[in-house]
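Numbering of the sequence shown is given in the working numbering, commencing with residue 30 and proceeding in unit increments. A virtual CB, placed ideally from N, CA and C, is assigned to each residue, including glycine. As structure tokens, the structure follows; a few thoughts come after it.
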Amino acid sequence: MTNDLPTQPAAALVLFSGGQDSTTCLAWALERFPRVETVGFDYGQRHRIELERRATLREGLKRISPLWAERLGEDHTIAMGALGEISDTSLTRKAEIAMGADGLPNTFVPGRNLLFLAFAAAVAYRRGVADLVGGMCQTDYSGYPDCRDDTIRAMARALSLGLDREIRVHTPLMWIDKAETWRLAEALGGEALTQLIIEESHTCYLGERGRRFDWGYGCGECPACLLRAAGWEKYRAAQASRSGS
């Protein structure tokens, strides 16, 4: 027997960090669900400036589309300091970003996405929401095992069993690269959305916002910046090719 607590019809909760990927996912959700809420996580990350961008991004999305403004609901922030305390990584400590002996960069925070999904599901349960949306990606990423499609599917199954209610996890970016993520943003919200992402989102692992590149703000050297920059160049090249044909 499943839990019969009422759920909001076609409502979604977006895991919203304030970065490029989660902003694109929020726009994706706003196009598809009549009610969308957001949740962010403060785990003591070095780049916690991303959390400060969330409110500005939400307001910017409202200005892009009256429909999005109507659909965008409450925002939630969850303090998860314990995750930062037990994570000896370059995202939670002032350490140089490097590759570990296990082949993973030391930016990998073990269990982060699993915990994010568990806490998001708890919020969703209380809010009567069955659909979670996250920016996990297996195509263009740093090799994090908790970003893999198999991991997300298994977690969704575990959450559904543990809550005795179906939990669906949508990952719109799972099989696309960063260039296609830029293209998706353009398709969803045109130049207004791509410009909002450039000017207001934050992805740089070091929390650097003093330098402005064509693709946005960052240090320009960390893995997150390199992925974003490479995706931007590929996206712009494809744009130029299309306009020239």
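Buried versus exposed call for residue i [16 or more other C-beta atoms within 10 Å across all chains shown]
i    : result
G219 : exposed
S272 : exposed
D243 : exposed
W97  : buried
W204 : exposed
A58  : buried
A84  : exposed
G260 : buried
G89  : buried
R82  : buried
When the options are compared against residue i, the one with the closest alpha-carbon
i    : options                : result
E195 : W204, H231, A183, G260 : A183
G73  : I107, R64, I93         : I107
A40  : A149, L161, L144, L143 : L161
A324 : D179, H105, R64, P95   : Because the chain is modelled from 30 through 274, residue 324 falls outside the range shown and cannot be assessed.
G191 : E237, H105, L101, A151 : A151
L235 : R197, C254, R100, L90  : C254
L143 : I181, G172, A153       : I181
V68  : A149, E81, E88, E228   : A149
G157 : D193, Y173, C248       : D193
F62  : L101, T200, F145, G260 : L101
E262 : L225, E209, A216       : E209
Close beta carbons around residue i, own chain, < 7 Å, minus the five adjacent residues each side
i    : result
R212 : Y264
A266 : none
G48  : E79, S230, H231, T232
A221 : I93
Contacts around residue i, its chain only, beta-carbon distance under 6 Å, and the 5 residues preceding and following it disregarded
i    : result
L55  : V43, F45
G5   : No information on residue 5 is available, as it lies outside the stretch 30 to 274 that the chain covers here.
L34  : Low local confidence applies: a pLDDT of 43 at L34 is under 50, so the model's placement there is unreliable, and no value is given.
Y154 : L192
As assigned by DSSP and simplified to three states, the class of residue i
i    : result
T67  : strand
E195 : coil
E103 : strand
R122 : With a pLDDT of only 49 at R122, under the threshold of 50, the placement of this residue in the model should not be trusted, and no figure is reported.
G245 : strand
A258 : helix
A108 : strand
A98  : helix
A39  : coil
Own chain, CB closer than 8 Å to residue i, minus 5 neighbours either side, in chain order
i    : result
C176 : N142, M165, C166, Q167, Y170
A269 : none
Cβ of residue i within 7 Å of any chain C Cβ
i    : result
R238 : Absent from the structure is chain C; it holds one protein chain and no more.
What beta strand (DSSP E) runs, 3 residues minimum, are completely inside the segment 154-240?
-> 160-162, 197-199
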